[in-house]
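Below: the structure, in structure tokens.
Protein chains: 2
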Amino acid sequence: MKKSDKTLHLGAFLYAVGHHAGGWRYPDNEISSLLDLEYYKKVAGIAEKGKFDLIFFADRLAIPDRFGNNFNNSIRYFASFRLDPVALITALSAVTSRIGLVATASTSYNEPFAVARAYATIDHLSKGRAAWNVVTSTNDGEARNFGRDAHFDHATRYERAQEFIEVVTKLWDSWEDGALVINREEGVYGNPEKVRYVNHKGEFFQVKGPLNVPRAPQGRPVLVQAGSSERGRDFAARWAEVIFTAQPALEGAREFYKDINGRLAKFNREPGSVKIMPGVMPIIGETEAEAKRKEELLRELVHPLAGLSLLSDSMNQDLSQFDLDKPLPELDTMRGNQSRQKIVAQLAKEEGLTLAQLGKRFGASRSHRVLVGTPAQIADNFEEWLEKEACDGFNIMCPYLPGGLNEFVELVVPELQRRGIFRKEYTGVTLRDHFGLERPNPVV
Amino acid sequence: MKKSDKTLHLGAFLYAVGHHAGGWRYPDNEISSLLDLEYYKKVAGIAEKGKFDLIFFADRLAIPDRFGNNFNNSIRYFASFRLDPVALITALSAVTSRIGLVATASTSYNEPFAVARAYATIDHLSKGRAAWNVVTSTNDGEARNFGRDAHFDHATRYERAQEFIEVVTKLWDSWEDGALVINREEGVYGNPEKVRYVNHKGEFFQVKGPLNVPRAPQGRPVLVQAGSSERGRDFAARWAEVIFTAQPALEGAREFYKDINGRLAKFNREPGSVKIMPGVMPIIGETEAEAKRKEELLRELVHPLAGLSLLSDSMNQDLSQFDLDKPLPELDTMRGNQSRQKIVAQLAKEEGLTLAQLGKRFGASRSHRVLVGTPAQIADNFEEWLEKEACDGFNIMCPYLPGGLNEFVELVVPELQRRGIFRKEYTGVTLRDHFGLERPNPVV
Numbered sequence: 018m019k020k021s022d023k024t025l026h027l028g029a030f031l032y033a034v035g036h037h038a039g040g041w042r043y044p045d046n047e048i049s050s051l052l053d054l055e056y057y058k059k060v061a062g063i064a065e066k067g068k069f070d071l072i073f074f075a076d077r078l079a080i081p082d083r084f085g086n087n088f089n090n091s092i093r094y095f096a097s098f099r100l101d102p103v104a105l106i107t108a109l110s111a112v113t114s115r116i117g118l119v120a121t122a123s124t125s126y127n128e129p130f131a132v133a134r135a136y137a138t139i140d141h142l143s144k145g146r147a148a149w150n151v152v153t154s155t156n157d158g159e160a161r162n163f164g165r166d167a168h169f170d171h172a173t174r175y176e177r178a179q180e181f182i183e184v185v186t187k188l189w190d191s192w193e194d195g196a197l198v199i200n201r202e203e204g205v206y207g208n209p210e211k212v213r214y215v216n217h218k219g220e221f222f223q224v225k226g227p228l229n230v231p232r233a234p235q236g237r238p239v240l241v242q243a244g245s246s247e248r249g250r251d252f253a254a255r256w257a258e259v260i261f262t263a264q265p266a267l268e269g270a271r272e273f274y275k276d277i278n279g280r281l282a283k284f285n286r287e288p289g290s291v292k293i294m295p296g297v298m299p300i301i302g303e304t305e306a307e308a309k310r311k312e313e314l315l316r317e318l319v320h321p322l323a324g325l326s327l328l329s330d331s332m333n334q335d336l337s338q339f340d341l342d343k344p345l346p347e348l349d350t351m352r353g354n355q356s357r358q359k360i361v362a363q364l365a366k367e368e369g370l371t372l373a374q375l376g377k378r379f380g381a382s383r384s385h386r387v388l389v390g391t392p393a394q395i396a397d398n399f400e401e402w403l404e405k406e407a408c409d410g411f412n413i414m415c416p417y418l419p420g421g422l423n424e425f426v427e428l429v430v431p432e433l434q435r436r437g438i439f440r441k442e443y444t445g446v447t448l449r450d451h452f453g454l455e456r457p458n459p460v461v
Numbered sequence: 018m019k020k021s022d023k024t025l026h027l028g029a030f031l032y033a034v035g036h037h038a039g040g041w042r043y044p045d046n047e048i049s050s051l052l053d054l055e056y057y058k059k060v061a062g063i064a065e066k067g068k069f070d071l072i073f074f075a076d077r078l079a080i081p082d083r084f085g086n087n088f089n090n091s092i093r094y095f096a097s098f099r100l101d102p103v104a105l106i107t108a109l110s111a112v113t114s115r116i117g118l119v120a121t122a123s124t125s126y127n128e129p130f131a132v133a134r135a136y137a138t139i140d141h142l143s144k145g146r147a148a149w150n151v152v153t154s155t156n157d158g159e160a161r162n163f164g165r166d167a168h169f170d171h172a173t174r175y176e177r178a179q180e181f182i183e184v185v186t187k188l189w190d191s192w193e194d195g196a197l198v199i200n201r202e203e204g205v206y207g208n209p210e211k212v213r214y215v216n217h218k219g220e221f222f223q224v225k226g227p228l229n230v231p232r233a234p235q236g237r238p239v240l241v242q243a244g245s246s247e248r249g250r251d252f253a254a255r256w257a258e259v260i261f262t263a264q265p266a267l268e269g270a271r272e273f274y275k276d277i278n279g280r281l282a283k284f285n286r287e288p289g290s291v292k293i294m295p296g297v298m299p300i301i302g303e304t305e306a307e308a309k310r311k312e313e314l315l316r317e318l319v320h321p322l323a324g325l326s327l328l329s330d331s332m333n334q335d336l337s338q339f340d341l342d343k344p345l346p347e348l349d350t351m352r353g354n355q356s357r358q359k360i361v362a363q364l365a366k367e368e369g370l371t372l373a374q375l376g377k378r379f380g381a382s383r384s385h386r387v388l389v390g391t392p393a394q395i396a397d398n399f400e401e402w403l404e405k406e407a408c409d410g411f412n413i414m415c416p417y418l419p420g421g422l423n424e425f426v427e428l429v430v431p432e433l434q435r436r437g438i439f440r441k442e443y444t445g446v447t448l449r450d451h452f453g454l455e456r457p458n459p460v461v
């Protein structure tokens, strides 16, 4: 059955009770408490049962309030709060055993020592399953919670991110393996020759080190990135080991895949050393018609202002100033997530959507691809994307949770396994093992 | 049997494989991996079996390197690294059910939004068991990992701490109970009237809010503090709900207890609204002689340079410049933990210790009280301190772990229970329940 030697990697991109802004109102969806660890344990358990490579939590550092410069619609129409994603993967490290744990942390509003330490700690507690999704943050609401009036401009935040990640990797490398001797007879606990200062003095940061956590089981926790702008692509090609990306169509995804892999050589990296995982929202039915009915129902459940709150937040623009019954006007500035803004503007133009309609659309999948069909149709599509070198796998964005993930694991995963393009069992222990990524040696 | 109406509160102050710098070499001590969650799970489980109020992790943001301006002795002679304490309590929230979870975070090297969010998240995940131990950090090594050459001076760090904690509590209060409506029929998720901006603009911080986490199960996570200087006492009397303190002798402890309780009125707080828990290291034997032999053995196992590394770190002074065979000279500046420095200087003087001897002593219990005896003797002493209003309980610092905690739970706890001064079962769910502390209402 297998047409390709490549196999897929799967991530469970977890968000609220599902990515679809109508997901929390979906009838089959059990009402779960987003504040209860049991809910997250359940969802992580389903993903681990489905042999996923990882679960992933994104982040925003503020309640969305760009739309109308207040949070009213965000609070009213969807679950706009977010528990700390680093805390979530840490708690889940204690109640899962194989699945990779990816949490987002911003380089704009953290300190590198704290980030290096937190992820190294989680890598130890999880025995090598931690990954850091590096983001530069998006909007002014986040800036205002961290002492600034506006978010850093695009260039500055990438310069800061660049230096931030350099410091973090230096800190991770400040302990070699074998630094802990623990010779009780002779009273020697460690070998200071295997520990070093980092003495970083840069434009944004000054950090002496060493880290106060020994070298992590994975050497370095896995680095995940999602930049898709020109600058973001270079950044990803230099640093990322896994890339999450929004790719609405096959051709664009192939172009992105080729482009990123083509940039690796510039940074002395081997082809295949970065795994590219576009987001996709599967809406699954026993028949295609059933799947389409589900999609329609979900769309009806979205309040347009929920979608527009999310879109204003992502674009870092107040869209309440425009007429909801007219198309999205041309905006002369790009202030937030640039690649996302391009996708949205193109979609609105091609389909002639009003702003209200665009809100509902954005509320559905946040401009990620929606794949509506039977398990076999979804597997066909995944196989095609894999064969045509459009991706190394997918970040699965269930419209509603935990139900949607359960359906995916029960119906789609076995179909992928039958075709030989997805693992039946975990063969390794760490997240690097799942991806076939090398454990890096310290760079001295 | 019971002579007093008061009952004790007990904390398990967890540090490395025991507080005693010789603890890791102690023969009965199983060698545990300090990098392994199983170890922490085991120790937390013992404390929970013993019906302790809480477990507690202190913190330092650097490997101690004040002694000789290098980390060689710290790495060589003891476990000088520390996993992120916030991550530790978060992971433990998933595998414990009743015990309170206290982790330290510094107001000098964090942002209030991040701290407020992390502890609110842990309070949700643990169903109301989170507490924040507020510290201002101690030494230049920590400063150098966070972009500064030297630590903030004593006054500045308390001013910053004061404003930091104000912002954190405002953020915790930015959501009222009942803000989440979750009416699926009508599509109303939340009530924005129960959420508010904090709009803080101060000397150190500018934070708009609201927090992106709904009100915590405890209203606010419990605030713990350890300041003992004049400034620190006022700070604690204003903010702390639990105070950890080093009190080597009964009279000093009574003075401290009275002093803190006397300061409460100034801040419109009720007597008894703060629980004072001095640290104590119990060294337990079936006979007093056996306990003393244990103490002696532990002391032999400490390398003097381990103790002096720790002491240099605590005092923020390089003690390597002085003659190890002479007494600690009078120092004209106090740079680190001021109250600790006073205790140490007094001890050295009274007992005529050389610097090397002082190192061994400091390595034993970090200037906390050491209580050597049978379970009955230890219980007698605890009862006396409780009756004489020297404390509300103790922060138990086992010399070696998990063995020392096991002995305490097996031998001393039943003795305390028999005397009616310690709980036999948990009667509440949250850490506030264990302490009888009120759940605060939001201050608008």
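Heads up: the sequence lines are chains W and X, in that order.
One rule links them: number in our numbering = place in the first sequence (from 1) + 17.
One rule links them: number in our numbering = place in the second sequence (from 1) + 17.
Every residue, glycine too, gets a C-beta built ideally from N, C-alpha and C.
My output table needs one value for residue i: the three-state DSSP class, helix, strand or coil.
i                      : result
residue 254 of chain W : helix
residue 36 of chain X  : coil
residue 451 of chain X : helix
residue 273 of chain W : helix
residue 306 of chain X : helix
residue 459 of chain W : coil
residue 332 of chain X : helix
residue 63 of chain X  : helix
residue 102 of chain X : helix
residue 198 of chain X : strand
residue 262 of chain X : strand
residue 299 of chain W : strand
residue 18 of chain W  : The predicted model places residue 18 of chain W with a pLDDT of 41, which falls under 50 and marks its position as unreliable, so this point remains unresolved.
residue 321 of chain W : helix
residue 95 of chain X  : coil
residue 71 of chain W  : strand
residue 84 of chain X  : helix
residue 31 of chain X  : strand
residue 311 of chain X : helix
Could you check if residue i is buried or exposed, using at least 16 other CB atoms within 10 Å of its CB as the buried criterion?
i                      : result
residue 90 of chain W  : buried
residue 49 of chain W  : buried
residue 363 of chain W : exposed
residue 348 of chain X : exposed
residue 435 of chain W : exposed
residue 343 of chain W : exposed
residue 167 of chain X : exposed
residue 289 of chain X : exposed
Exercise for the section: At 3 residues or longer, and completely inside the stretch 113-180 of chain X: list those beta strand (DSSP E) runs for me, N to C. Expected result: 117-123, 147-152
Problem - Residues within the stretch 379-393 of chain W neighbouring chain X, beta-carbon criterion of under 9 Å - result: none
Problem - Entirely enclosed alpha helix (DSSP H) segments - the stretch 362-441 of chain X, minimum 4 residues - result: 372-382, 392-404, 420-424, 430-435
Practice task
Determine which residues of the stretch 393-421 of chain X have a Cβ less than 9 Å from any Cβ of chain W, and write them out in chain order.
Solution key: none
Exercise for the section: Please name the residues in the stretch 226-247 of chain W whose beta-carbon is closer than 7 Å to at least one beta-carbon of chain X, in chain order. Expected result: 226, 227, 229, 230, 231
Problem - Within 8 Å of chain W by C-beta, residues of the stretch 93-123 of chain X in sequence order - result: 93, 94, 95, 96, 97, 98, 99, 100, 101, 103, 104, 105, 107, 108, 109, 110, 111, 112
Handout entry: chain X contacts made by the stretch 134-145 of chain W, where a contact means CB separation under 7 Å
Key = 134, 135, 138, 139, 141, 142
Practice task
Could you tell me whether the stretch 306-319 of chain X touches the stretch 350-368 of chain X, using the rule of 3 or more Cβ pairs below 8 Å?
Solution key: no
Handout entry: Within the stretch 178-244 of chain X, ranges of the beta strand (DSSP E) (whole runs, at least 3 residues)
Key = 197-200, 205-207, 239-242
Exercise for the section: Kindly confirm or deny that the stretch 327-345 of chain W and the stretch 51-62 of chain W touch, where touching means at least three C-beta pairs closer than 8 Å. Expected result: no
Exercise for the section: Evaluate contact between the stretch 233-250 of chain W and the stretch 365-375 of chain W, counting only Cβ atoms and requiring at least three cross-stretch pairs below 8 Å. Expected result: no
Handout entry: Interface residues of the stretch 160-187 of chain X facing chain W [CB-CB below 7 Å]
Key = 161, 162, 163, 164
Practice task
Note down, in chain order, all residues in the stretch 301-322 of chain X with a beta-carbon under 8 Å from any beta-carbon belonging to chain W.
Solution key: 318, 320
Handout entry: Contact set between the stretch 438-460 of chain W and chain X, restricted to residues whose Cβ is under 9 Å from the partner
Key = none
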